[in-house]
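Just so you know, the sequences run in chain order V and A. Residue numbers 1 to 347, in the working numbering, belong to the letters of the first sequence in order. Residue numbers 348 to 390, in the working numbering, belong to the letters of the second sequence in order. All residues carry an ideal CB built from backbone N, CA and C; glycine is no exception.
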Amino acid sequence: MSVGFRAVQWNRDKIVYDAILLAGVAGFIGIFLVVSFVNRPPKDRPDEIDRFIRAFGACAFVMLTVILCIGPLARLSPRFLPLLYNRRHFGVLTFIVAALHVWFMIEWYRAQGNLPNLLVELTTWGDYLKFVGFPFKVLGMAAFAILFVMAATSHDFWLMFMKPPAWKALHMALYVAYGLVVMHVALGIMQYDRSPLIPAMLFGGFGLVALLHLLAGMRDRRHDSGTVINPGWIAVGPPQSIPDKCARIVTAPDGERIAVFRDGDRIGALTNLCAHQNGPIGEGRIVDGCIACPWHGYQYRLEDGCAPPPFTEKLATYRVRIQRGVVEVDPAPLPPGTPAAITWGRG
Amino acid sequence: MTRKHRSIHRLIWPILAFAVGLGLTFALTLRAPPEPPAQERAT
């Protein structure tokens, strides 16, 4: 950790992540355009622009699908955690690709000299009562507006300004955006292009995202219901059942989770919510004497839940005791930064 | 994630999966049949 705090910190991992991302986007769009132009050369300028609309639209859809898979995949297996590290840049790049899709769409109207037709399409109110024939561009515009809000508030400034719970809740609107995008394609291009690739992409992409979220939700539900509660205290298990330098997560009666860590013979309990983005601290590890959040590496001391100097984040801690060889945790949180860890065997 | 976020997840995904799945199925089954080839149209 450096002494001087800066809101934006570039490091090698972020640069590599972004480079792979940019190369992937350029590769996808390049291959899409080459295959499209070789298979069926465009007959005029609007047809040429149409290929760009499709290329950027397909790319944005695939990117959204991947972004929405990262969260549940990381909850199902820690192997996918590196994808989560710089997911916000992924989101901002998706917005840029979607913006280019919109720009080419406007250009398509301009090339034919009938930009006013776009307004006519959007204001033919009778079409809003149809299912097939619904002004599908409105769905895309609504999704684009959500992507804009996501991208505009993605910076840590907004995270700190809004506080993590509200920021996280706002960014869940991305799920709605994804549903709108799927229907934008289904009621748009899928209605007049008979390529089987379009329904395959929609059913496959949305099906995968929904399945992963449902699986991750079911796994979490099992987790939440598996805690045995003694009068006033939650039984965690024998000290050895907590993997060294890792945690076991238990759920308090109010539904919030507590991460009980063991570092050799030291045992301590903290809230499972990282102060940065409410990431799952309990899925992290103790590295160099500090608990590291698996999402972005924010560190906290086991003793008192405080970030090491010069950082100032603090997590709520919980009282811990060992009764008849079983670690127990008091579900009432202590004020953030309160020392509460114990030494195994010495209580 | 907080308990509220988990609750939102558990509420939103089944609804979204059902609504979009239904919408996609209708969009696929109700779309207009493909135009007949030029020779068929001529006859």
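query: Which one or two residues does DSSP pair with Gly237 (chain V) in a beta bridge?
result: The sequence position of residue 237 (chain V) within the first sequence is 237, counting from 1. V:Val327, per the DSSP bridge assignment.
C-beta neighbour in chain A for Lys314 (chain V), strict 8 Å: Mapped onto the first sequence, residue 314 (chain V) falls at position 314. No, no contact with chain A.
| said: Do Asp44 (chain V) and Trp108 (chain V) count as a contact pair if the criterion is CB distance below 8 Å? | reply: Stepping through the first sequence from its first residue, residue 108 (chain V) is reached at position 108. Stepping through the first sequence from its first residue, residue 44 (chain V) is reached at position 44. Contact flag unset, no.
Query raised in the report: Got a sec? Which residues, its chain only, sit under 8 Å from Phe5 (chain V) by beta carbon, not counting five neighbours each side?
Result: Counting from one through the first sequence, the residue named residue 5 (chain V) turns up at place 5. Confidence is the limiting factor: at Phe5 (chain V) the pLDDT is only 43, short of 50, which leaves the residue's position unreliable, though a coordinate-based value still follows. Only Pro310, Phe311 meet the Cβ criterion.
| query | What's the C-alpha gap between Pro72 (chain V) and Leu202 (chain V)? | reply | Reading the first sequence from its first residue, position 72 is the one you call residue 72 (chain V). Reading the first sequence from its first residue, position 202 is the one you call residue 202 (chain V). Spanning the two alpha carbons is a distance of roughly 19 Å.
Taking Ala177 (chain V) as part of the alpha helix (DSSP H), name the residues at either end of that continuous run.
-> What you label residue 177 (chain V) is simply residue 177 of the first sequence in a count that begins at 1. Where Ala177 (chain V) is concerned, the enclosing alpha helix (DSSP H) stretches over 173-187.
Notebook entry, point to check: Among V:Leu214, V:Val149, V:Ala247, V:Arg262, which one has its Cα closest to the Cα of Ile281 (chain V)?
Noted result: For the purposes of this step, residue 281 (chain V) is taken as residue 281 along the first sequence, with counting starting at 1. Closest by alpha carbon: V:Ala247.
message: Output needed for Pro165 (chain V): all residues of its chain with C-beta closer than 7 Å, excluding positions within five of it in sequence on either side, in chain order.
response: Taking the first sequence and counting its residues from 1, the one referred to as residue 165 (chain V) is at position 165. Same-chain partners within the cutoff: Asn278.
Item to complete: Look up Arg40 (chain V) in the DSSP assignment and say whether it is helix, strand or coil.
Response: Along the first sequence, read from residue 1 onward, the residue named residue 40 (chain V) stands at position 40. Coil, per DSSP.
To the nearest angstrom, how far is the alpha carbon of Lys245 (chain V) from that of Ala19 (chain V)? Translated into positions along the first sequence, residue 245 (chain V) becomes position 245. Translated into positions along the first sequence, residue 19 (chain V) becomes position 19. So the two alpha carbons sit approximately 33 Å from each other.
When DSSP builds the beta bridges, which residues end up paired with Pro196 (chain V)?
Reading the first sequence from its first residue, position 196 is the one you call residue 196 (chain V). In the DSSP output, where bridge partners are listed per residue, Pro196 (chain V) has none listed.
Cα-Cα separation, Phe134 (chain V) to Phe144 (chain V):
Sequence index remark: in the first sequence, residue 134 (chain V) carries index 134 (1-based). Sequence index remark: in the first sequence, residue 144 (chain V) carries index 144 (1-based). Looking at the two C-alpha atoms, the distance is approximately 18 Å.
Residues near Asp13 (chain V) in its chain [Cβ-Cβ closer than 7 Å; skip 5 each side]: Start at 1 with the first residue of the first sequence, and residue 13 (chain V) comes out as number 13. Same-chain partners within the cutoff: Tyr85.
Item to check | Interface flag, Lys168 (chain V) vs chain A, CB-CB below 8 Å | outcome: Counting from one through the first sequence, the residue named residue 168 (chain V) turns up at place 168. Interface residue, yes.
*asked:* Less than 6 Å between C-beta atoms, sequence neighbours within five positions excluded: which residues of the same chain meet that for Glu283 (chain V)?
replied: Against the first sequence, residue 283 (chain V) aligns to sequence position 283. These residues qualify, in order along the chain: Pro294.
Notebook entry, point to check: Which residue's Cα is closest to the Cα of Gln240 (chain V): V:Gly264, V:Met162, V:Gly232?
Noted result: Position 240 of the first sequence holds residue 240 (chain V). It is V:Gly264.
According to DSSP, is Pro280 (chain V) helix, strand or coil? In the first sequence, the residue the question calls residue 280 (chain V) occupies position 280. Note: Pro280 (chain V) maps to strand in three-state DSSP.
Hey, Phe136 (chain V) and His213 (chain V): beta-carbon distance below 8 Å or not? Along the first sequence, one-based indexing puts residue 136 (chain V) at 136. Along the first sequence, one-based indexing puts residue 213 (chain V) at 213. Going by C-beta atoms, Phe136 (chain V) is not nearer than 8 Å to His213 (chain V).
**Item:** For Glu303 (chain V) and Pro339 (chain V), believed in contact at Cβ under 8 Å, the rounded distance
**Value:** To locate residue 339 (chain V), count along the first sequence from 1; it is residue 339. To locate residue 303 (chain V), count along the first sequence from 1; it is residue 303. Their Cβ separation, rounded to whole angstroms, is 5 Å, which keeps Pro339 (chain V) and Glu303 (chain V) in contact under 8 Å.
Q. Are there 16 or more other CB atoms within 10 angstroms of the CB of Ile362 (chain A), so buried, or fewer, so exposed?
A. Here residue 362 (chain A) corresponds to residue number 15 of the second sequence, with the count starting at 1. Ile362 (chain A) is exposed by the Cβ-count criterion.
Worksheet item: Between V:Leu83, V:Met63, V:Arg321, V:Phe161, which lies nearest to Leu147 (chain V) when the distance is taken from Cα to Cα?
Response: Locating residue 147 (chain V) in the first sequence gives position 147, counting from the first residue. Taking only the C-alpha atoms, the option nearest Leu147 (chain V) is V:Met63.
* **Residue-level contact to chain V via CB, Leu371 (chain A), 8 Å cutoff** => Here residue 371 (chain A) refers to the residue found at position 24 of the second sequence. For Leu371 (chain A), the answer is yes, since a Cβ of chain V falls inside 8 Å of its Cβ.
ask   = With Cys69 (chain V) and Ile29 (chain V) assumed to form a contact (beta carbons below 8 Å), what rounded beta-carbon distance in angstroms separates them?
value = Position 69 of the first sequence, counted from the start, is the residue given in the question as residue 69 (chain V). Position 29 of the first sequence, counted from the start, is the residue given in the question as residue 29 (chain V). The pair is not a contact, with the Cβ atoms about 20 Å apart (cut-off 8 Å).
Exercise. What residue does the beta strand (DSSP E) around Val260 (chain V) start on, and which one ends it?
Worked result: Locating residue 260 (chain V) in the first sequence gives position 260, counting from the first residue. Unbroken beta strand (DSSP E) run through Val260 (chain V): 257-263.
Practice task
Mind listing the chain V neighbours of Pro383 (chain A)? Cutoff is C-beta to C-beta under 9 Å, in chain order.
Solution key: As a first step, residue 383 (chain A) is located in the second sequence; it is residue number 36 there, counting from the start. For Pro383 (chain A), no chain V residue has a Cβ inside 9 Å of its Cβ, as the nearest lies near 13 Å away.
**Asked** How far does the beta strand (DSSP E) with Tyr300 (chain V) in it reach, from first residue to last?
**Response** As a working note, residue 300 (chain V) is residue 300 in the first sequence. DSSP places Tyr300 (chain V) inside the beta strand (DSSP E), whose first and last residues are 299-301.
Presumed contact (8 Å Cβ cut-off) between Ala151 (chain V) and Val92 (chain V), rounded CB distance:
Your numbering for residue 151 (chain V) matches position 151 in the first sequence. Your numbering for residue 92 (chain V) matches position 92 in the first sequence. Indeed, because the Cβ distance is near 5 Å, the residues count as touching under 8 Å.
_Contact set between Tyr175 (chain V) and chain A, taken where Cβ atoms lie within less than 7 Å_ = Here residue 175 (chain V) refers to the residue found at position 175 when the first sequence is read from its first residue. Proximity of chain A to Tyr175 (chain V) at the Cβ level (cut-off 7 Å) is accounted for by Ile359, Leu363, in chain order.
**Q.** Residue of V:Gly268, V:Ala98, V:Leu122, V:Glu256 minimising C-alpha distance to Trp344 (chain V)
**A.** By 1-based counting over the first sequence, the position of residue 344 (chain V) is 344. Checking every option, the nearest Cα to that of Trp344 (chain V) belongs to V:Gly268.
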